[in-house]
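Protein chains in written order, with the numbering used here: chain A, 939 to 1332; chain B, 61 to 260. Down below is the structure, laid out as structure tokens.
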Amino acid sequence: MSRRDLRRALERAAREREDPRARERSLRVLHAAYAAHEPRARRRPWRALVLGAIVAVVGAAGVAAARAPHSEIGRAMRSLLGAGEPHARQALVRVPGGGTLLVQAEGGAWVVSDSGVKRRLGAYAGASWSPHALFAVVWRGRELTAVDPKGRVRWSLPAPERIRVARWASGDGFLVAYVSARSLRIVAGDGTGDRAYRSVRPDVAPAWRPGGGHVLAYVDARGRVNVDSADSSRSLWRTSRAVPPAAQLLWSAGGEFLLVLAPRRARLYDGSGRLLSETPWGAGFAAAHAVWAPRGTRVAVVRVNRAKRLSEVAVLDARGGRERVIFSRHGHFGAPAWSPDGRWLLLPWPEADQWLFLRPDASAGRTAVANIARQFDPGAQSPEFPRTVQWCCT
Amino acid sequence: MAGLADIAGRVGREGRRQPVMLRGRVGEAALVRAAQRGSSDAVEELFTRHWDGAYRAALLVTGDRAAAEDIAQEAFLAALRALPRFDLRRPLRPWLHRIVVNRAIDWSRARTHRREVGAETAPEAATFDEADPRALGDDVAAALLRLGPEQRAVVVLRYLLDYTPGEIAAALDLPRGTVNSRLRRGLDALGDWVEAEAPR
């Protein structure tokens, strides 16, 4: 066989196995990335001068307007200039800090690699990572499914009623808890042994304690926080008081603290159920979201003052010390996500259609990425901003 | 923003705009320069020229469609990131293929590593699909996947992408003798299917 024959055989073998849609998908990604790329400027000094003058005038007006948040001029200027950070990148071409994002958007769930490559997992209503991001549990209607990061289905099962949320157990990943209507159910990580576990309040997602042991926190039908050993179905502890509506259960990275976050106050419990602190947010603020850092005892809290239309992100330490507000703007923020190394905090900002990558430990150095809605709802006439984002392991 | 017609116009002899039909005549350096200045048409033309080679090389080295797509896509994104400082005297093709093939080798090695780790510690990892050479069906592709990733890479660079052993040595950062011996062993291993032409 000649070299030419071998070349033809290799080309044919590749052609027969290639995915014809790969080219189109990659070209879309490349175009989006190119939109964020800053072209090398041609030398047109007069144009730069004129543009600079216009930017200076508009910028000065914008700054003045931004300092007067309740004025009509301020509102008009913000409307004209648009909310959000200036100099935002136009597409997500790299995830600062590495790791992989799991994004829940209106049209489905997406995985974003550290280099910004996006893959749509499918038209799911919700998604959550397995402990090492080797899989995701996804759901829509009554169907619960485990997929790998390429979207390949590993298993799927029908739930009795509509699924509201699912969470994969941390540590070994042997169990998945999910809420179907008002029933908390548990299934093995390979999709077998699906069983009803308890009746729960459906608006609060269950939370597995990190570090293994299959310890699960949930809010029962009477509104009390329960912490059980799921293996033995034994109650480890339970609160006597009911939690307010729209509460969230959040374990610290080491599993030593459970934060029960409600809009008006936060309660911090230790691993044995002892109430350590109860913190009212005060001064017109309500907590919207919180997320523990992947290591240590820091927690980032998003608070909003509805009267002033002001939101802020504060980092607190459960072991004490002063809280630090690391970012504050008009509008509302979504639920943040820490990078796996704990050096970055991804803050969704729907009104600006931006994701901000903040550096909680640095005085400067945030990165903004714009056009988020379009990137995760391509083709829609009015693209929706993604609902949630989770950031997992390097 | 400059369109492709603008680029064609600049390189046209008569100094006026040429129709987009002239795409094939626009030199690569002109396209890279136009891309540096903000022409998305130039970026698309560069992608069109190089996608097949990059994707197919990754596909034959990894044996995995999704991985090949990711690798080729990431190589183009890397090229995009390097665009502002790209040396116009250097051809884009070997630069791109060097990234693709090295990442495909890395991916193939990592897959082997994941399989070992998954079997011992992570029960969920054990359920990942493995690329099964038998499932590929085609003899040459199946035979190729029986080689190690480094051997697959040199065979693909030599016989699919038509690089010389010297160019392969530079791309993979290997001595030329190693490239020749890998080519020879690779072709031997392809066995009866290929009556190998000995590398020179």
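C-beta: ideal position from N, C-alpha, C; glycine also.
Whole-number beta carbon distance between residue j and residue i, since they are thought to touch under 8 Å
i	j	result
R1162 (chain A)	P1182 (chain A)	Going by Cβ atoms, the distance from R1162 (chain A) to P1182 (chain A) rounds to 12 Å, so no, they are not a contact pair.
Q1313 (chain A)	A1021 (chain A)	Q1313 (chain A) to A1021 (chain A), Cβ: 18 Å. No contact.
V1157 (chain A)	V1138 (chain A)	6 Å
A1300 (chain A)	V200 (chain B)	About 53 Å separates the two Cβ atoms, so there is no contact after all.
A1204 (chain A)	L1214 (chain A)	Between L1214 (chain A) and A1204 (chain A) the Cβ distance is about 11 Å, and since that is not below 8 Å, they are no contact.
G1054 (chain A)	V1031 (chain A)	4 Å
L119 (chain B)	E956 (chain A)	6 Å
V1333 (chain A)	L1040 (chain A)	Residue 1333 (chain A) cannot be examined here, being either before or after the span of chain A that is shown, 939 to 1332.
R1179 (chain A)	P1140 (chain A)	In fact, because the Cβ distance is near 19 Å, the residues do not count as touching under 8 Å.
Residue i versus residue j: straight-line alpha-carbon distance, rounded
i	j	result
I131 (chain B)	V1239 (chain A)	37 Å
F1073 (chain A)	G237 (chain B)	43 Å
W1230 (chain A)	A1252 (chain A)	12 Å
E1081 (chain A)	W1048 (chain A)	18 Å
G249 (chain B)	A203 (chain B)	Sequence inspection shows Ala at residue 249 (chain B); the Gly mentioned does not correspond to that position. Cα to Cα, A249 (chain B) sits roughly 8 Å from A203 (chain B).
L232 (chain B)	S168 (chain B)	15 Å
D189 (chain B)	A1071 (chain A)	Because the pLDDT at D189 (chain B) is just 33, under 50, the model does not fix this residue reliably, and the point stays unresolved.
W1329 (chain A)	E210 (chain B)	33 Å
V86 (chain B)	A102 (chain B)	10 Å
F1265 (chain A)	R959 (chain A)	41 Å
L1113 (chain A)	V1237 (chain A)	26 Å
R158 (chain B)	A1226 (chain A)	48 Å
P1096 (chain A)	L220 (chain B)	47 Å
R109 (chain B)	H1152 (chain A)	53 Å
T122 (chain B)	V1050 (chain A)	21 Å
G208 (chain B)	V214 (chain B)	10 Å
S241 (chain B)	A1191 (chain A)	51 Å
R1105 (chain A)	Y972 (chain A)	36 Å
L234 (chain B)	I228 (chain B)	8 Å
G1280 (chain A)	L1187 (chain A)	20 Å
G1303 (chain A)	W1282 (chain A)	10 Å
T224 (chain B)	R218 (chain B)	6 Å
R153 (chain B)	L137 (chain B)	14 Å
R97 (chain B)	A139 (chain B)	15 Å
R1247 (chain A)	W1219 (chain A)	16 Å
Buried or exposed (CB count within 10 angstroms, at least 16 for buried), residue i
i	result
S99 (chain B)	buried
D147 (chain B)	exposed
V1263 (chain A)	exposed
A1221 (chain A)	exposed
D1169 (chain A)	exposed
H1025 (chain A)	exposed
G1079 (chain A)	exposed
E1345 (chain A)	Look at the range of chain A in this structure, 939 to 1332, and you will see that residue 1345 (chain A) is not part of it.
A1318 (chain A)	exposed
G113 (chain B)	buried
P151 (chain B)	exposed
D1315 (chain A)	buried
E129 (chain B)	buried
E1261 (chain A)	exposed
A1155 (chain A)	buried
V993 (chain A)	With a pLDDT of 47 at V993 (chain A), under the threshold of 50, the predicted position of this residue should be treated as unreliable, and no value is reported.
T1177 (chain A)	buried
R1027 (chain A)	buried
P1098 (chain A)	exposed
Residues of the segment 1033-1056 of chain A whose Cβ lies closer than 9 Å to any Cβ of chain B, in chain order: Hits within the stretch, in order: S1051, S1053, G1054, V1055.
At least three beta-carbon pairs within less than 8 Å, the segment 1084-1091 of chain A to the segment 1143-1154 of chain A: The segment 1084-1091 of chain A is not in contact with the segment 1143-1154 of chain A.
Under 7 Å (Cβ pairs) to chain B, residues found in the segment 941-961 of chain A: Against chain B - using a Cβ distance shorter than 7 Å - the residues of the segment 941-961 of chain A are R941, L944, R945, A947, L948, E949, A951, A952, E954, R955, E956, D957, A960, R961.
Stretch-stretch touch, CB-based, cutoff 8 Å, three pairs: the segment 140-153 of chain B with the segment 1064-1073 of chain A: Touching, no.
The segment 157-170 of chain B: positions lying closer than 7 Å to chain A by Cβ: None of the residues of the segment 157-170 of chain B has a beta carbon lying less than 7 Å from any beta carbon of chain A.
Touch test, the segment 1274-1293 of chain A against the segment 1317-1331 of chain A, Cβ-Cβ under 8 Å, three pairs minimum: With the cut-off at 8 Å, the segment 1274-1293 of chain A and the segment 1317-1331 of chain A touch.
The segment 1253-1260 of chain A touching the segment 1268-1276 of chain A, judged by at least three CB pairs closer than 8 Å: Verdict: no, contact absent.
Cβ-based contacts, 7 Å cut-off: residues of the segment 107-129 of chain B near chain A: Answer set for the segment 107-129 of chain B: F107, W111, Y115, R116, L119, L120, R125, A126, E129.
Three or more C-beta pairs below 8 Å linking the segment 955-968 of chain A and the segment 1305-1312 of chain A: Taking 8 Å as the limit for Cβ pairs, the verdict is that the segment 1305-1312 of chain A does not touch the segment 955-968 of chain A.
Residues, ordered as in the chain, of the segment 1084-1111 of chain A that lie near chain B by beta-carbon distance below 8 Å: Result list: D1086, K1088, R1090, R1092, D1110, G1111.
Contact set between the segment 1061-1078 of chain A and chain B, restricted to residues whose Cβ is under 7 Å from the partner: Interface annotation for the segment 1061-1078 of chain A against chain B: S1068, H1070, L1072, F1073, criterion Cβ-Cβ distance under 7 Å.
Residues of the segment 1146-1165 of chain A whose Cβ lies closer than 7 Å to any Cβ of chain B, in chain order: If the cut-off is 7 Å between Cβ atoms, the segment 1146-1165 of chain A has nothing near chain B.
Proximal residues, the segment 1291-1318 of chain A versus chain B, C-beta separation under 7 Å: Listed in sequence order: no entries.
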